[in-house]
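K.L.:
Here it is: the structure, laid out below.
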Amino acid sequence: MAESARVGIGYDIHRLVEGRRLVVGGIEIDHPKGLLGHSDADVVLHAVTDALLGAAGLPDLGDLFPDTDPKYKDADSRVLIKDAMERVRGAGFDPVNIDLIVHAEQPKLTPFKRTIGESIADLVGLPSDCVSVKAKTNEGLGPLGVADAIACSAVVMLKGRTTG
Ligand code: MG
């Protein structure tokens, strides 16, 4: 299996603004601000989706679901990651594990780590102990530190499916 292991990295950032729902990792969190974007702006699912696609050597999220396409206006990122997973499996790969960091000063996401991890595990078809979610503040530094944005970094491992 070692020779068919593939790793992928994903990153995303979205601005936090008033008048939007906050959707993180496929779950909605009650907060006065939400993430700005063409779709639901789920920064965590976007980073994980790009990591999955990258590990499989497939086109990235922006290529597959362009934010210039009206079809993806307010798109549910859970639908996008499921579509991406079908492509990843179609290319002969299954997920092994996902590790991610959400960089958010506000809201504090520590109480939601478990729910976010379970949501992602369910979306990609992994046991929940194969999805690790870490929540970090930015120690008050930069746009993340003053809660103007939320970012996510994700790493994914895939294994190639052997046939015949
Ligand atoms: Mg995005």
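Under my numbering, read the sequence shown as residues 107 to 270, first letter to last. C-beta: ideal position from N, C-alpha, C; glycine also. Please read all numbers here as calculations on a predicted model, not as lab measurements.
Any heavy atom of the ligand MG closer than 7 angstroms to the Cβ of residue 120?
P.N.:
yes
K.L.:
Mind checking whether the beta-carbon of residue 162 lies closer than 7 angstroms to any heavy atom of the ligand MG?
P.N.:
no
K.L.:
Who pairs with residue 271 in a beta bridge, going by DSSP?
P.N.:
What is shown of the chain runs 107 to 270, which leaves residue 271 out entirely.
K.L.:
Throw me the rounded Cβ distance for the residue 113 and residue 161 pair, which I believe falls under 8 angstroms.
P.N.:
6 angstroms
K.L.:
If you draw a straight line from the C-alpha of residue 208 to the C-alpha of residue 141, how long is it?
P.N.:
13 angstroms
K.L.:
On a CA-only basis, which of 223, 231, 252 is nearest residue 241? Give me that one, please.
P.N.:
The shortest Cα separation from residue 241 among 223, 231, 252 belongs to 223.
K.L.:
What's the C-alpha gap between residue 108 and residue 159?
P.N.:
Confidence in residue 108 is poor, its pLDDT being 44 and thus under 50, which makes the residue's placement too unreliable to answer from.
K.L.:
Considering only heavy atoms of the ligand MG, does any lie closer than 7 angstroms to the CB of residue 209?
P.N.:
no
K.L.:
What's the C-alpha gap between residue 267 and residue 233?
P.N.:
18 angstroms
K.L.:
Which value, in whole angstroms, describes the spacing of the CA atoms of residue 227 and residue 215?
P.N.:
A direct Cα-to-Cα measurement between residue 227 and residue 215 gives close to 18 angstroms.
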